[in-house]
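Numbered per the working numbering, the sequence shown spans residues 8 to 755.
From the three backbone atoms N, C-alpha and C, an ideal C-beta is built for every residue, glycine too.
Please read all numbers here as calculations on a predicted model, not as lab measurements.
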Amino acid sequence: MERIGAFFCAGCGIADALDLAALQAAAGEPASAHCVDHPNLCSPEGIASMQAAIEAQGLDGLLIAACSHRAKQREFRFDPARVAVERVSLREQVAWSHPAKNEDTQQLAEDLVKMGLVRLAKAQPPAPVSGTVERTVLVVGGGVAGLEAAAAAAGLGHPVVLVEATAALGGHAAGVRDSLPARPPYDVLHPNRLLERIAEIEAIPGIRVLKSTKIKTIRGEPGRFEVEVETPAGAESLRVGAIVQATGARPYDARRLDHLGYGRLPDVVTSHELEHMLAEKRLQRPSDGALPRRVVFVQCAGSRDPKHLPYCSAECCGVTLRQVALIERDHPEVETATVYRDMRTPGQVERFYAAVQSRPGHLFTRGEVEAVEKNGRLSVHLRDSLFGQSVVLDADLVVLAVGMVPNSADGEKIRALHDAQRRVEKGESETQREEARKSVEQLRQHEGTEILNLEYRQGPDLPVLRYGFPDSHFICFPYETRRTGIYAAGALRDAMDVEQAAEDGWGAAMKATQCISALARGEAVHPRAGDLETPDFFLQRCTQCKRCTEECPFGTLNEDEKGTPQLNAARCRRCGICMGACPERIISFPSYSVDGVASMIKAMSVPEEFEEKPRILALLCENDALPALDAAAERRRGWNPWVRVVPVRCLGSVNLVWIADSLSRGIDGVILIGCKRGDDYQCHYVRGSELAHTRLGNIQETLGRLALEPERVRIVELSHDESDRVSEALDEFASTLEGLGPSPLKGF
Ligand code: SF4
Ligand code: SF4
């Protein structure tokens, strides 16, 4: 930016803490176009004065030295195609967190202003994603979640194509005779209305249903996905803007629960097998076809067990209660007993539980089933946890309430399929290629595993986290997967019951339609919603090292035959992880680049050794660490005045050259503060924090080369509600550096 105006706010205690005239003088060039302060910059008059200056002076960059960039976003919004805006947090990072009218406080403010100005000077106008955006939503999976996603997207005015692999819609729920009560007083079953709902949805004019249809391939990017499907009438091509995957879940394989006898004892069945019997009104022992006198239900069969499914499968308690009530209705003479760890009956299901429990003939007992054996009748051996006793229950039929496994492609299978596909293309002989083709076919037919067949360099399906659910960020962004524009709904996304799956379909459809709308405006989707920037790759200097393609968590980049990255801009979440990865430093965003941040670091004042004032660079993730710092300031919690904060999009976007440059300049230490890593993650870009840890492991070598102590670089993880910890972390780091003494590189 060439014509920059610097605007200083005197409100919110800033003028009480700082000498604003001195600050403006220190700003100097390149802010000379316009440099003013205003008593209340976010007021209508303040905004009008900035707008007038843009017109009168032809400004193309605005430095707003006022509150945190997280505050007053609506007020400080200007046409991004005309002016770039850089916010300097004088309020939170200076006036509210440091002593007023103090030399160190004033120096801190001067540094932050200079750093903001240099970053703004390096900024370029944004280059939004452009091109036609298809409004059609593709829904893959015609169970309850998929049906409701289709209804929701059509209701929002989007054409919908609903693809179902089998010949019928409705999934498992269509085979259920009666549903849990949905109306007060919530104590009796009501008929399953799903078939009527399917007919209603099929009749919606904007929804096209393709049954017995498989996805052959999906290529392209959000807004412009090209989908090849194989229908009973032949192959067909579709163009869609966004995708909802709602391929549901399958029952856990009960044969793995050896102690419960399934597969060994014919009268041990799963809750799904009992569902079929009840739907056909033929409750019987499989061994001899007789009506059982007592049915024992074993809850959590496989669920909440670290050796099997460590999570709660969410629907099994409700299913058992429904089945107990159906048995009572059809066969009042049959007794039931239910052995549970906890009956989990959220919402109104609790009332139904109380109603079933109060009727005679149903025993509910808390315990852990240790074995099921045949000894004439079946014997269920359990450790009753209410009385601490071992108990044996006789049974004629044992029903295992098995957990649910998402119909995602597991990582091992994705890798095997990917390898086989490569061998099909690159096999050395026709025999090898033919074998690879057979492997691809077999892998695609793997029971219960649905594949989107994405033609992405990173693999053909949604990456999954622990337990097989394809999350991107389950805490903040439900429905988001790690493939932009593709949203997960229903039991594929998380273990849930039918009612939750219906709501989930609506949630995912909202996300899919939001994605289409954002792309039509050229904007990014979550978490940088509204961002108009896309990364720029200066490919003339690319060495085809593949780090960017391999480390991008969102599968944004394909490669050409030489291995040069090919950007699919609409898939990009703008995290900057590729920018942090690239050893050639050739990836940048218009307002965020390796050069831009390096220039900010150069603009920091670095006191000489004799001044005994260390200088600390704090690279803070904008997603959690920076909000935590703002919250600390709001509570007037201060931190060490030698710290200079540079916000980063993600710790994964930190290029190691920034750390090496800082230490070479004589900056005494560098602290990186970001989100928690791992599968219970908070990292908004899934892998950024983890990648930062891995890369920082390599910085030790640089420190050794510079004869510096490893303690001069630290990484801290926290969540956005840990505002006390963020200021403590900065203070502790400052104390450590004081203990180490000044950087030996000062003055070089
Ligand atoms: S790493 Fe992030 S910024 Fe880079 S291409 Fe992937 S999503 Fe976009
Ligand atoms: S990381 Fe940089 S050098 Fe390596 S492939 Fe990507 S763009 Fe090219």
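Cβ separation of residue i and residue j, assumed to be a contact under 8 angstroms, to the nearest whole Å
i: ALA509; j: GLU155; result: 5 angstroms
i: HIS369; j: GLU377; result: The Cβ separation is near 22 angstroms, so there is no contact.
i: CYS555; j: ALA588; result: 5 angstroms
i: ARG373; j: ARG348; result: 7 angstroms
i: GLY537; j: CYS657; result: So it is not a contact: roughly 17 angstroms between Cβ atoms.
i: ILE608; j: LEU633; result: Actually they do not touch by this definition, with Cβ atoms about 17 angstroms apart.
i: GLU228; j: ALA516; result: That belief does not hold up - the Cβ atoms of GLU228 and ALA516 are roughly 20 angstroms apart, past 8 angstroms.
i: TYR318; j: TYR474; result: 6 angstroms
Contact test: residue i Cβ vs ligand 1 heavy atom, cutoff 7 angstroms
i: PRO542; result: yes
i: PHE545; result: no
i: GLY227; result: no
i: LEU564; result: yes
i: PHE304; result: no
i: ILE458; result: no
i: ARG430; result: no
i: CYS585; result: yes
i: CYS522; result: no
Check: residue i C-beta below 7 angstroms from any heavy atom of ligand 2
i: ILE680; result: no
i: GLN252; result: no
i: LYS553; result: yes
i: ALA588; result: yes
i: PRO572; result: yes
i: CYS549; result: yes
i: ILE594; result: yes
i: GLU568; result: no
i: GLU110; result: no
For residue i, three-class secondary structure by DSSP
i: GLY4; result: As displayed, the chain neither begins before 8 nor continues past 755, which places residue 4 out of reach and without an answer.
i: ILE482; result: coil
i: VAL125; result: helix
i: LEU48; result: coil
i: GLN573; result: strand
i: GLY681; result: strand
i: PHE544; result: strand
i: GLU708; result: helix
i: VAL505; result: helix
i: ARG651; result: strand
i: ARG429; result: helix
i: GLN355; result: coil
i: LYS314; result: coil
i: ILE458; result: coil
Nearest-angstrom Cα separation, counted from residue j out to residue i
i: GLY434; j: LYS223; result: 21 angstroms
i: GLY270; j: ASP295; result: 16 angstroms
i: ALA525; j: ALA332; result: 48 angstroms
i: ASP602; j: GLY695; result: 20 angstroms
i: ILE334; j: MET284; result: 10 angstroms
i: ALA321; j: GLY255; result: 14 angstroms
i: PRO648; j: GLN58; result: 34 angstroms
i: HIS105; j: GLY645; result: 6 angstroms
i: ALA181; j: LEU461; result: 29 angstroms
i: GLU375; j: SER397; result: 10 angstroms
i: ALA28; j: ARG651; result: 21 angstroms
i: GLU280; j: GLY410; result: 13 angstroms
i: PRO751; j: LEU679; result: 21 angstroms
i: TRP513; j: THR520; result: 11 angstroms
i: SER75; j: SER219; result: 54 angstroms
i: VAL120; j: LEU450; result: 58 angstroms
i: LYS381; j: THR345; result: 19 angstroms
i: GLY455; j: SER365; result: Caution applies to GLY455, whose pLDDT of 44 falls short of 50 and renders its modelled position unreliable; the value that the coordinates give is listed next. C-alpha separation (whole angstroms): 39 angstroms.
i: VAL363; j: LEU393; result: 20 angstroms
i: LEU703; j: LEU663; result: 8 angstroms
Close Cβ partners of residue i (< 7 angstroms) along its chain, the five nearest in sequence each way excluded
i: MET8; result: ASP67, GLY68, ALA91, LEU127, ALA128, ALA130
i: ALA116; result: LEU25, LEU30, LEU97, VAL101
Cβ-based neighbour list, residue i, same chain, cut-off 8 angstroms, excluding 5 preceding and 5 following
i: ALA204; result: Sequence check: residue 204 is Arg here, not Ala. Once the five neighbours on either side are set aside, the close Cβ partners of ARG204 are LEU154.
i: MET503; result: ALA321, GLU322, GLY497, ASP511
i: GLU141; result: GLY230, ARG231, PHE232, ARG246, VAL247, GLY248, ILE523
i: LEU574; result: THR541, PRO542, PHE544, THR563, LEU564
i: PHE85; result: MET57, GLN58, ILE61, LEU69, VAL92
Cβ neighbours of residue i in the same chain (closer than 6 angstroms, five flanking residues each side left out)
i: PRO542; result: ILE594, PHE596
i: LYS683; result: GLN689, GLU724
i: PRO7; result: Because the chain spans 8 through 755 in this model, residue 7 falls outside it and cannot be assessed.
i: ALA13; result: ALA34, ALA38, CYS42, LEU70
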